[in-house]
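Participant:
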Amino acid sequence: MNREEALSLLHTHLKNKNLVKHCYAVEACMRAMAVRLGADSEAWGLAGLVHDLDYEMTGMSVDLHTTETVKILSAEGLPPEVIHAVQAHAGKTPCLSPMDWAIYAVDPLTGLIIAAVLMHPEKKIGAIDVEFIKRRYKEKSFAKGARREDIETCRNLGLELDEFIGVCLQAMQGIGADLGL
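Quick note: the sequence shown uses this note's numbering, first residue 164, plus one each step.
(1) Compute the distance between the beta-carbons of Phe295 and Ala278, then report whether it is under 8 Å.
(2) In or out: Arg298 buried (at least 16 other Cβ within 10 Å) or exposed?
(3) Report the option in Leu173, Thr175, Val189 whose CA atom is closest to the CA atom of Gly364.
(4) Would you tell me roughly how many angstroms separate the C-alpha atoms of Val293 and Met196, rounded to the nearest one?
(5) Could you tell me the alpha carbon to alpha carbon distance between Leu281 and Lys287, rounded to whole angstroms?
(6) Using a Cβ-Cβ cut-off of 7 Å (strictly less than) and excluding sequence neighbours within five positions of Trp264, which residues of its own chain qualify?
(7) Return the residue from the list Lys255, Arg311, Glu323 that minimises the CA-CA distance to Val225.
(8) Going by beta-carbon coordinates alone, are Ile314 and Leu342 separated by less than 8 Å?
(9) Flag this pair as yes or no: are the beta carbons of Met220 and His176 separated by less than 8 Å?
(10) Would you identify the three-state DSSP class for Met346, choosing helix, strand or coil?
(11) Less than 8 Å between C-beta atoms, sequence neighbours within five positions excluded: which residues of the same chain meet that for Gly329?
(12) Kindly indicate which three-state DSSP category Thr123 falls into: helix, strand or coil?
(13) Please confirm whether Leu173 and Leu227 have their CB atoms less than 8 Å apart.
(14) Is Val269 helix, strand or coil when you go by DSSP?
(15) For Arg298, report the span of its alpha helix (DSSP H) as first-last.
(16) Between Cys331, Arg166, Tyr187, which has its C-alpha nearest Arg199's C-alpha?
(17) Grouping DSSP H, G and I as helix and E and B as strand, with all else coil, what is Val225?
(18) If you follow the alpha helix (DSSP H) that Leu155 is in, where does it begin and where does it stop?
(19) Counting C-beta neighbours from all protein chains within 10 Å, is the total for Asp217 16 or more, i.e. buried, or is it exposed?
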């Protein structure tokens, strides 16, 4: 499957514009992580792009999330490692590979970055930096859904938190127009 085919699947199954943008953000971060770690940016990007494919279909059920995505991606012939990463991001299977750990940590970080952008006076992703995000990160009441302990699993990739945030922020800044930020 190439990116265009994955985009078609994404737009077929997800109608919520913010959820689609979230998938774009996770894709961008996953591609950047793959480059940083010397991995296959195409496979990692695909995992990020389609990771929430069934979110609306499963009624946003934590228990059902990824079950339909696995069926869809298997029928499309995606590699097992991509399907495993999609399952791992939702805690349905243990993180075993760097791709698994990356998507597990990237998913909540993208939400935290977007929340930080939206509370910044300029509301532009280009206006924030790692230090701004780190200040928000330390506020326990800020973006509570962005589980800090999940984000901190970036250490399983051999990355410290500041570098991890920096790679993702730069990736998201690169697609700021697509994110509407």
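Every residue, glycine too, gets a C-beta built ideally from N, C-alpha and C.
Facilitator: The relevant details are as follows:
(1) The answer is no: Cβ separation not under 8 Å.
(2) exposed
(3) Residue 364 lies beyond the stretch modelled for the chain, which goes from 164 to 344, so this question has no answer here.
(4) 16 Å
(5) 8 Å
(6) Cys258, Thr316, Asn319, Leu320
(7) Lys255
(8) no
(9) yes
(10) Only positions 164 to 344 of the chain appear in the structure, and residue 346 is not among them; the question remains open.
(11) The answer, listed in chain order, is Val293.
(12) Any answer about residue 123 is impossible in this case: the structure gives the chain only from 164 up to 344.
(13) In this structure, Leu227 does not lie closer than 8 Å to Leu173 by Cβ.
(14) helix
(15) Segment 293-300, the alpha helix (DSSP H) holding Arg298.
(16) Cys331
(17) coil
(18) Residue 155 is absent from the structure shown; the chain starts at 164 and stops at 344.
(19) The residue is buried, with at least 16 neighbouring Cβ atoms inside 10 Å.
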